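Numbered according to full-length UniProt numbering, the sequence shown spans residues 1 to 700.
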Amino acid sequence: MERRQKQSSNYTLAAAAAAAAAATSISEKSTTRLKPPALAHDFVIQNFLLVWLDRHINDVKNADYLNTISKLKELADKVYKFHDADDFVSFISDNKREKICIITSAEMGEIIVPVIHNMKQISAIYILSGDQAQHHVWIDGWSKIKGIFTDIESICKALQQALQNLDQNSVTISFVSPSSDIRKQNLDHLDSSFIYTQILKEIILSIDFDQQHIDEFILYCRQLFAENPIELKNVNKLAHEYKEHLPIWWYTYHCFLYSMLNRALRTMQVNLIIGMGFFIQGLHNHIVALHQEQFIEHSQTKLLTVFRGQSLCQKDFDRLVQTQYGLISFNNFISTSTNRDVSLKFLRNIIETTDLMGIIFVIKIDTSISSTPFANIREISYFKREEEILFSMHSIFRIGDVKQLDKDRLWQVDLTLTNDDDRERNALIEQLRKETYPRKKGWNRLGMLLIKLGKFNKAEEVYDILIDQAITNQEKAHIYHQLGWTTDAQGKYADAIAFYTQAIEIKQVIFSPNDAGLAASYTGIGLAYDKMDDYLNALSSHQKAIEIYEQSSPSNNPHLATSYDNIGVVYSKIGDHSNALLFHQKALKIRQKILPNNHPDFADSYNNIGLLYDNMGDYASALTFHRKALEIYQKTLPSDHPNLGTSHNNIGLVYFKMNDHPNALSFYERALDIQLCSLSKNHPNIRSLRKNIELIKKKI
Numbered sequence: 001m002e003r004r005q006k007q008s009s010n011y012t013l014a015a016a017a018a019a020a021a022a023a024t025s026i027s028e029k030s031t032t033r034l035k036p037p038a039l040a041h042d043f044v045i046q047n048f049l050l051v052w053l054d055r056h057i058n059d060v061k062n063a064d065y066l067n068t069i070s071k072l073k074e075l076a077d078k079v080y081k082f083h084d085a086d087d088f089v090s091f092i093s094d095n096k097r098e099k100i101c102i103i104t105s106a107e108m109g110e111i112i113v114p115v116i117h118n119m120k121q122i123s124a125i126y127i128l129s130g131d132q133a134q135h136h137v138w139i140d141g142w143s144k145i146k147g148i149f150t151d152i153e154s155i156c157k158a159l160q161q162a163l164q165n166l167d168q169n170s171v172t173i174s175f176v177s178p179s180s181d182i183r184k185q186n187l188d189h190l191d192s193s194f195i196y197t198q199i200l201k202e203i204i205l206s207i208d209f210d211q212q213h214i215d216e217f218i219l220y221c222r223q224l225f226a227e228n229p230i231e232l233k234n235v236n237k238l239a240h241e242y243k244e245h246l247p248i249w250w251y252t253y254h255c256f257l258y259s260m261l262n263r264a265l266r267t268m269q270v271n272l273i274i275g276m277g278f279f280i281q282g283l284h285n286h287i288v289a290l291h292q293e294q295f296i297e298h299s300q301t302k303l304l305t306v307f308r309g310q311s312l313c314q315k316d317f318d319r320l321v322q323t324q325y326g327l328i329s330f331n332n333f334i335s336t337s338t339n340r341d342v343s344l345k346f347l348r349n350i351i352e353t354t355d356l357m358g359i360i361f362v363i364k365i366d367t368s369i370s371s372t373p374f375a376n377i378r379e380i381s382y383f384k385r386e387e388e389i390l391f392s393m394h395s396i397f398r399i400g401d402v403k404q405l406d407k408d409r410l411w412q413v414d415l416t417l418t419n420d421d422d423r424e425r426n427a428l429i430e431q432l433r434k435e436t437y438p439r440k441k442g443w444n445r446l447g448m449l450l451i452k453l454g455k456f457n458k459a460e461e462v463y464d465i466l467i468d469q470a471i472t473n474q475e476k477a478h479i480y481h482q483l484g485w486t487t488d489a490q491g492k493y494a495d496a497i498a499f500y501t502q503a504i505e506i507k508q509v510i511f512s513p514n515d516a517g518l519a520a521s522y523t524g525i526g527l528a529y530d531k532m533d534d535y536l537n538a539l540s541s542h543q544k545a546i547e548i549y550e551q552s553s554p555s556n557n558p559h560l561a562t563s564y565d566n567i568g569v570v571y572s573k574i575g576d577h578s579n580a581l582l583f584h585q586k587a588l589k590i591r592q593k594i595l596p597n598n599h600p601d602f603a604d605s606y607n608n609i610g611l612l613y614d615n616m617g618d619y620a621s622a623l624t625f626h627r628k629a630l631e632i633y634q635k636t637l638p639s640d641h642p643n644l645g646t647s648h649n650n651i652g653l654v655y656f657k658m659n660d661h662p663n664a665l666s667f668y669e670r671a672l673d674i675q676l677c678s679l680s681k682n683h684p685n686i687r688s689l690r691k692n693i694e695l696i697k698k699k700i
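Right, dumping it as structure tokens:
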């Protein structure tokens, strides 16, 4: 049975704070201009995957085939083609977080539909066959099959409507429960997407974008759409005419920008958000200007009601109901209509073709009160159709009544747009700013935020860009340290050691020998060596960190407590239990003096002591301390934070050693679910968990 010991992983927050404090003079100007995002081979810009399955797909390269591909690429930048059913099913299974539309021959469809139909990621299935009558019998009962089509044109027409529905439903939603005093809530326990989009919006609005940012984005798009002549034509139009049209016109124009922006915001594609920052800022500012003109200076209408139709899965609907009278945030730019029937028509189609809940949001706005900007875009939009009201990203509303309209999963939810007089909203945002590195500027603040949320791969993307823009040695040392942190968290320990070493080499030149920033990087190296089972180098690095903290900091320094914990973990692993317990107790003693009882650092202490008792064979005591740690993590961290996964793993290990295999399996499976939210499938922790789960299943 493999063990994955968590070693005071909140060291990272503490150590990073020390490193940041040691580099307060870092210039922020260099973070405002960024290179284009790296081009990924399988990069997707739309809110769905389009998959084509046909046994003979590789045999035919005639004009009909090329015409089909051309037609499909008008709807999707990339078409995933398969001729083998096993490869197809494997691809579908590996993309659980996507929405997938499938085109298949009738021959293959009859084989694979029973296998994939109930997978949540499957949105729609289209059967391409010249003989409709022959296959109508077997498609009955499969609700996701949208019909049998004899030509690609009819499929494309049906697909276009389905994809518009997917775009409408791709907007992510965050919830904040009502609270008598929002300031008493721990912001680490808030919906991470709410925190992320609020701070992201502030960061983007603070940056001075210029023509170079536009040019870099155009260059990126030329690479991305090199094999898509339709979108390449749109890229050229964007390059030559961007300033001839307003941002809202571009947002509503039939090209890649709309889907690309919505997907980037929904999936936190950091590189792309950075690349599109100029457009996000321009779109927001355009809405602000229109809002001022339409509703502040010349409005004759004080009260406005608009409607939005959106489907929710049962889980999200339950969260909405539980959050009644609290706050809801739409994390993208959102479109609404003044016509209720438009939203109802959309929802009834959703209810008839899916098992989702249809929600009509009825939004009431007092236009005389300052609030999140919104604007009527009918006269500016590329499509001058119904009265469309567009809200800027991260608009926050208060949830009112929730009532069922009929028995067919159709519900009405009343919302009120929050305004500058909403005390709860203002207290939440004020507290949020305080706890998300307000002294950091630009993309550096985003990197720190992503680390805080446990999104280490996203944070690495930010720092990969920033390192090329760094000018001073202080900037470079700080960014190398952050890269060490993010790569370590992803299991790339050799890379982490290399980055920390680069940071130390610079810090030894620009800082004093007892600088806390040096100690933070030594701590990082020590943790990486520990995870590589190189305990001699781990002890040496942790000892260097302790010596610096003991000489330069007060005896109750929280970073010193973290270093005591870290070296205690190493002593435990080499069997020196007396020294391990000594250092863990030193760490706990400092924390008891300076921290509130539910601080995450206490969870680190309890976790490490639990690991020590586990090594000593005292499983009852180990379980007690691990449960204390888990209780604190559950109260103070987002539900998908890696530390929660590690805590579940450690409890699972103790149960396994106690031969309580059902409980061991339960905790291991929960650990795996959490870790997969932020770690790659090839991360050592994921491989270890899967191996342990497989082993336990054989024993039950």
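From the three backbone atoms N, C-alpha and C, an ideal C-beta is built for every residue, glycine too.
Just so you know, these numbers come straight off a predicted model, no measurement behind them.
CB contact flag (residue i, residue j, <9 Å)
| i | j | result |
| --- | --- | --- |
| asparagine 650 | alanine 629 | yes |
| aspartate 420 | serine 371 | yes |
| threonine 354 | serine 170 | no |
| isoleucine 103 | isoleucine 155 | yes |
| asparagine 271 | isoleucine 465 | yes |
| phenylalanine 152 | leucine 72 | The sequence given here has isoleucine at residue 152, not phenylalanine. It is a contact, given that the beta carbons lie within the stated cut-off. |
| phenylalanine 256 | cysteine 221 | yes |
| arginine 308 | serine 335 | yes |
| threonine 418 | leucine 327 | yes |
| valine 306 | serine 259 | no |
| asparagine 537 | serine 572 | no |
| phenylalanine 48 | leucine 232 | no |
| residue 714 | valine 79 | Lying outside 1 to 700, the shown extent of the chain, residue 714 is not represented and no answer is given. |
Nearest candidate by alpha-carbon position, reference residue i, set the options
| i | options | result |
| --- | --- | --- |
| phenylalanine 583 | Pro596, Gly575, Val362, Ile567 | Ile567 |
| histidine 641 | Leu679, Asp618, Asp86, His626 | Leu679 |
| residue 714 | Trp485, His626, Tyr549 | Within the shown structure, residues of the chain are numbered from 1 to 700, placing residue 714 beyond reach of any answer. |
| aspartate 515 | Asp530, Ala162, Ile548, Trp485 | Ile548 |
| arginine 263 | Phe278, Tyr463, Thr172 | Thr172 |
| alanine 664 | Leu695, Pro684, Ala496 | Leu695 |
| asparagine 236 | Thr252, Leu246, Asp215, Trp249 | Asp215 |
| leucine 410 | Phe217, Phe346, Ile546 | Phe346 |
| isoleucine 396 | Gln281, Thr338, Leu356, Ser174 | Ser174 |
| alanine 106 | Lys96, Tyr126, Ile100, Pro229 | Tyr126 |
| tyrosine 325 | Ile350, Met119, Val402 | Val402 |
| threonine 436 | Ile451, Val51, Lys573 | Ile451 |
| glutamate 669 | Lys657, Leu303, Lys691 | Lys691 |
| leucine 53 | Ser129, Gln46, Lys96 | Ser129 |
| lysine 96 | Phe279, Arg687, Arg433, Cys677 | Cys677 |
| alanine 76 | Ala63, Pro114, Asn228 | Asn228 |
| leucine 205 | Lys233, Asp167, Ile280 | Ile280 |
| lysine 277 | Phe391, Leu232, Lys243, Leu200 | Reading off the sequence, residue 277 comes out as glycine, not lysine. Nearest of Phe391, Leu232, Lys243, Leu200 to glycine 277, Cα basis: Leu200. |
| lysine 407 | Lys434, Gly575, Gly358 | Gly358 |
| histidine 245 | Glu231, Gly282, Ile360, Arg425 | Gly282 |
| isoleucine 700 | Ala63, Pro662, Asn682 | Pro662 |
Residues sharing a beta bridge with residue i, DSSP
| i | result |
| --- | --- |
| cysteine 101 | Leu50, Ala124 |
| isoleucine 365 | Leu304 |
| threonine 336 | Ile389 |
| tyrosine 80 | Val51 |
| phenylalanine 149 | Leu128 |
| isoleucine 396 | Ser329 |
| isoleucine 360 | Gly309, Gln412 |
Chain D contact for residue i (CB, 9 Å cutoff)
| i | result |
| --- | --- |
| phenylalanine 149 | The chain labelled as chain D is not found in the depicted structure, where only one protein chain is given. |
message = Across the region 314-325 and the region 365-372, are there enough close Cβ pairs to call them in contact, namely three or more that are closer than 8 Å?
response = no
message = Runs of 3 residues minimum, wholly inside the region 562-612: which ones carry the beta strand (DSSP E) assignment?
response = none
key: Inter-stretch contact (C-beta, 8 Å, three-pair minimum) for the region 490-508 and the region 517-527   = yes
task = Take every Cβ of the region 587-594, pair it with every Cβ of the region 554-563, and state whether three or more of those distances are shorter than 8 Å.
result = yes
The region 451-465 contacting the region 197-215, beta-carbon criterion three pairs below 8 Å = no
ask   = Quick one: any contact between the region 279-288 and the region 244-259, if contact means 3 or more CB pairs under 8 Å?
value = yes
query = Does the region 682-699 touch the region 461-472, meaning 3 or more C-beta pairs lie closer than 8 Å?
reply = no
task = At 3 residues or longer, and completely inside the region 248-312: list those beta strand (DSSP E) runs for me, N to C.
result = 303-312
ask   = Can you list the alpha helix (DSSP H) stretches of 4 or more residues lying completely in the region 205-232, in chain order?
value = 211-224
query = What beta strand (DSSP E) runs, 3 residues minimum, are completely inside the region 392-448?
reply = 395-404, 410-417
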